[in-house]
Each structure stands twice: as structure tokens, then as C-alpha cells.
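Just so we're on the same page, my numbering is the position in the sequence shown counted from 1, plus 2. Only one structure is covered here, and it is reproduced in the block below.
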Amino acid sequence: MPRILNIAVIGAGTMAQAVHLPVLRRRWDRFAVTALVDHSPRRRRESADVWGVEEEHRFETVADLMTAVRAKDVALDAAVLATDGLHVEDLLLLLRRGIPVLVEPPLGYSAQEVARISDFERLVGRRLVMMAYPQQYDEVLEEVVENIRARDVRMIDHEVLMPASGPLFGRAHVTASAYDLPSEKRQERRKTLQEAVVAGAGEGATQRDRDLYVKGLLTGIAHQLAITERIYGPLTELTAVRHWPKGVIPGSLELLGELEDGAPVRLVWHYLPFAPEYSETYEVLSARKRIDLALEPPSFVDSRSRSSLREKEHGRVVVTSRSSDLGAAESMWEAFHEFVEKGKEPHAGAAEALAQVEILREVLRTLVEADGRSLEADPEDEASDQEEASEQAADAGTTEGPGEAEDSDEPVAAPEASADGDVVSDADSVAEPDGSEAAAASTASDEDAAASSAESTSVRIGPLTPVPGTGEIPPAAPTEDLSAAADQLEAARSAQPEATSAAVPESGDEPHQATAAGIDRTEPADGDAWAAAADDAAEDGTTEGEEPPRS
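Below is the structure:
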């Protein structure tokens, strides 16, 4: 009989209420929620009442939780970290006690931030972090692994259509955001989060660049990279990347890359706020077989992903279909149980998160430089921006900086004019206060007009540096105090303030540095040139069936 793990749910926001808590209650045979942490008194009270957490086990901060754990007032075996802001400081408090943690991505916004966690794991010699990419654990992915080997892959096509939050989370009846915090605390949280995003995207990044980085790359493309990495390993080369329509944030993103054996991979992510539903398809072609996956979102706890295998037998096409026995989120939690109890390797942890943030930061840099700008701070522009922000704040009678929302903890798009014309934000198009159809139709028309007139930005990117030694760290071990190791690492980091990652005495491996090299910033002149680049990446074509469909 598997042991029941005592779980702390940290962050009672959308993902916790729509995904994690429903699965934890369903799997009472494996998990017990023994603590809930959230900075909002209202959300902490309402969520805990719904999910049955006693009042003495509700906490405002992770530090308060750890105080109760040290006093043995709370039994704790593991935690899920699903806060809506920064993760690293809270995560380190848990890791210092040797507590394994399931972390909602992104782990951090910069390589320096994420390296604090990956270096800690390497120093203590074990994995304690598992990234919460539920679809990495979806059972239908095994159909791909079992039927088409990496060396036989002719093409991989992965496309996601992301609507606004309503179609994804409406059925979960999520408690509203934490508007009951004092104004000064909200401002402090926004400022801290904004500083982390600026550190990750670059001092010279505009608000538009930062939103593309956070809402498009770290949110959308990161998920897609994780799926392919789980099946066939990481991409070894990015050949091209495109963002369109120009000026619509986060808009649509397309990446072309290659696996180690040279098989081309195409990742497409669309944010379409007025789309009626979420859609995710994953297609793999070989010379003899074709597999199509229809992946359900984790928030649809009772929905099942489906696979369809097409192959020829005795001159006729045979189609084999199956569905997952469990939802992706439930499968992920089962894997987390095995990670904590048996030390089973996770599909993605801190080392993989570090590789992702470095690659995606390089993608952002290349897109920005293709637009004739830089992510490095320009002293003159910085002074001008600060002066303009001060003037805007004075006119509005507020001290908040540009691009900050009054009631949101996340950095939001701040539309700004450019030489290319007016910038349109996808975020703006979903912020209808009364949901009126007339207002929505007007915004949609504006977006369509911008989409039809805007050009795309596309660039070519070279090989990626392999990830060294990520598989050499064993998974989690029984909980113990690792504070001494954490203090040693922070002391080393303080002694090397300019270093990206402190030196770690672990089997001679260098800290991971995954960057793209050999950038060719020649931008295709038109859509035909982009299509030619895509054809070059898959010049062998397919021997059976049509081209990969786009849904």
C-alpha cells in the first residue's frame, strides 16, 4: 500500500484551484493536504474552506509554514509551489529542509535566478525539484515512444491554440485574484516581480519585449519544448524563429529546430483570446507511420487525451486509436509520488528549467536585434523613459510605473507606439470590464486589422550547446535539513558577484551554459521566404499522407 504523502499547497490561485487541489482530493489514497499558504486572507480562507484545510494549518508565507514545520505543528513530506509571482526564495526555504517540491513554471525569469536552484541541487547531490508540466506525463506520449524511434522521425509538428482564461478555467469556479491586500503590499509585489522580469529580459527590453518573453516564450514555447524533450530529448539546434503579427503581444510564435539525429521539429503557439476552446495537437511522421495526438489541457481533470496511429499492413491503412486512462494532471501527481517515495527521475527539473530559460532568452534577444534594437540598456533611452514615466505618473496622480496594472500581480502589456505603427496587445483585448459583445467585436476588428497589415519578425539561429551532466544528480531522498549546504552555496555566490553561477564541487561538471551561437539575422523578405526556410528544414518531405495539418 503506497504511503500517503502530506502535501503543502503554496499559492491558492488559478492552477491550484483548477488543477492541483481537485487531483489531491481525488487521490486521497496517495495524498493529504496538511497546509495551505497564500498571501491573500480572503483567498486563503475561501480556498481552505472549500478544500478542508483547518484554520491552524493556513499560512500567509512560506516562512510561517516552515516555522510550524520546525515546531512539528505541521506534518510535511512535500509541497506544490503554485504562487503567481517569484519562486526562488520560497523554494530555497523548502529545499533547505530537504522537502521535494513540484513547481509551476516558470521556475525563474533569468539564468542567474534559476541557477541558484540548480546549483543547490548539484551541491547537495540530489534532485529536489520537479517541474509541473502535466502533459509530459500524459499516457498517450508513450504511444509515440513505443512506435517511432528518434532515428526514424521524419518530422514533428506541435501546435497549440491558447484562448483566454474563460474556456480553460471557467468550469473550475476559481476564486478571484487577491484584491484584499493593502495597496503598499500589492505595489511591493509588483515592483519585485517587475524587477525579476527586467533582469531576465534585459534592461533595454521594452514592456512589449518583456510581455513576449513572459507570456509567449516562458509560458507557451517552454511547455512545447518540454513535451518534445520528454519524448525524444532536447533540441540540439534552432534553425529559425518567427513572431507575428508584429506589434501584437503575445501574438503567435513559431520555432523550427532539429533533434540530435537531425529530424526537424516545428513548434507553433497562438494566443487567440476570442478562440472558443483550447486546442493542442502533436504529430510525428516517419517513413511508414504517422501518429497524431490530441492533448487535453490539465484543467480538464476528467478529459482524456487521444492518440491515433496510422500505418500500412498488407496494402491497407490500419488505424489504431487509444485514450489515456488518467488525466495529465493526475498522471503527473502519480509521478511526483514516485519521485518523492522511490526517487524516480522527473522528466524536467531545475537543470532543464535552466536550459530552457537560457535558450528562450536567446530567442528573445535574436528577435529584438532583428528588429534593430538591443536588450542591453541604453543610458540615454533609460533616462528618457524614466522622465516620461515620471511625467505620466504626475499627470495621472499616481506613483506606479508604466505598464503596471492596478489590481494584478503580473506584468501586463503596455501598448506603445513605434515606427511600425500602433502596438496592439492581446492582453488588452481580453480586458473587457463588462464582457459586452459590441466592445469585444470592436477589439477583435482592431486586432484583425493589425494582423493583416503587420509583418512578421523571423530570424535564423545556430546550434545549441549540449546540456552537461544533467542526468548525474540522483532524485529526492528522505527529508533532512540541508541548511548548511545552502549557506555554503550562498557564501560562494556572494564571493563571486559577477558570476552567472557559483562554482559547485560536483563531479567536475561546469555549470550549465546553454546558448545559441552563430546567429544569422537575415530576415526573410516575405512569407514565401519563410516557407522556403521551413521547406529546407524538412527537405526530405514525407512519403505517405499529407503535410502536417494546422488546427
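Glycine included, every Cβ here is placed at the ideal spot set by N, Cα and C. All figures in this text were calculated on a predicted structure; none of them were measured in a lab.
For the options Ser310, Arg28 and Val155, the alpha carbon positioned closest to that of Arg268 is the one of Val155.
Per DSSP, the beta bridge partners of Asn8 are Ala34. For Glu354, the uninterrupted alpha helix (DSSP H) segment begins and ends at Ala352 to Ala372. Ranked by Cα distance from Glu332, the options Pro4, Pro24, Arg46 and Leu195 are led by Pro24.
Secondary structure note for Lys314: its beta strand (DSSP E) is the uninterrupted segment Arg308 to Glu315. Taking C-alpha positions only, Arg306 is separated from Tyr135 by approximately 16 Å. For Ala242, the enclosing beta strand (DSSP E) begins and ends at Glu239 to Trp246. Distance between Glu91 and Gly13, taken at the CA atoms: about 14 Å. In the structure shown, the three-state DSSP call for Ser325 is strand. For Gly172, the secondary structure class from DSSP, reduced to helix, strand or coil, is helix. Going by C-alpha positions, Gly206 is about 43 Å away from Glu144.
Out of Pro108, Pro102 and Ala174, the CA that lies nearest to the CA of Phe122 is found in Pro102.
A direct Cα-to-Cα measurement between Glu58 and Ala65 gives close to 15 Å. For Ala117, the enclosing alpha helix (DSSP H) has its first and last residue at Ala113 to Val126. In the pairwise beta carbon analysis, the stretch 349 to 362 is classified as touching the stretch 214 to 227: at least three pairs are separated by under 8 Å.
Leu366 is the residue among Leu297, Leu366 and Arg324 whose C-alpha sits nearest the C-alpha of Leu257. Contiguous beta strand (DSSP E) elements confined to the stretch 54 to 124 occur at 80 to 83 and 103 to 105, taking only those with 3 or more residues. Annotated three-state conformation of Arg153 is helix, per DSSP.
Around Leu261, the same chain offers Ala152, Val155, Tyr234, Gly235, Leu237, Thr238 and Val267 as residues with beta carbons nearer than 7 Å, after the five sequence neighbours per side are excluded. If you draw a straight line from the Cα of Val320 to the Cα of Arg29, it comes to about 37 Å. Taken through DSSP and simplified to helix, strand or coil, Val303 comes out as coil. By the CB criterion at 8 Å, Ala353 and Tyr139 fall outside the cutoff.
Nearest in C-alpha terms to Leu83, of all of Val76, Thr69, Ala70 and Gly110, is Gly110.
Between Leu163 and Ser309, the C-beta spacing is not below 8 Å. Shown here for Leu214: same chain residues with a beta carbon closer than 6 Å to its own, the five before and five after excluded, namely Ile251 and Pro252 in chain order. Under the 10 Å beta carbon count, Thr368 is surrounded by 16 or more other beta carbons and is classified as buried. Secondary structure of Pro43 (DSSP, three-state): helix. Within a 10 Å sphere around the beta-carbon of Thr36 sit 16 or more other beta-carbons, which makes this residue buried.
Two segments are said to touch when three or more pairs of C-beta atoms, one from each, lie closer than 8 Å; by this definition the stretch 293 to 301 touches the stretch 169 to 176. Ile150 is a Cβ neighbour of Ser288, given a cutoff of 8 Å.
A residue is called buried when at least 16 other Cβ atoms come within 10 angstroms of its Cβ; Ala198 meets this threshold and is buried. Val131 and Lys314 have their alpha carbons spaced roughly 43 Å apart. One thing to note: Arg312 has its Cβ within 8 Å of the Cβ of Lys291. Ranked by how close their Cα comes to the Cα of Ser112, the residues Ala494, Val200, His349 and Asp489 have Val200 in first place. Inter-residue distance for Glu141 and Asp294 is about 14 Å (C-alpha atoms, whole angstroms). Residue range Ala224 to Tyr234 is occupied by the alpha helix (DSSP H) that includes Ile229.
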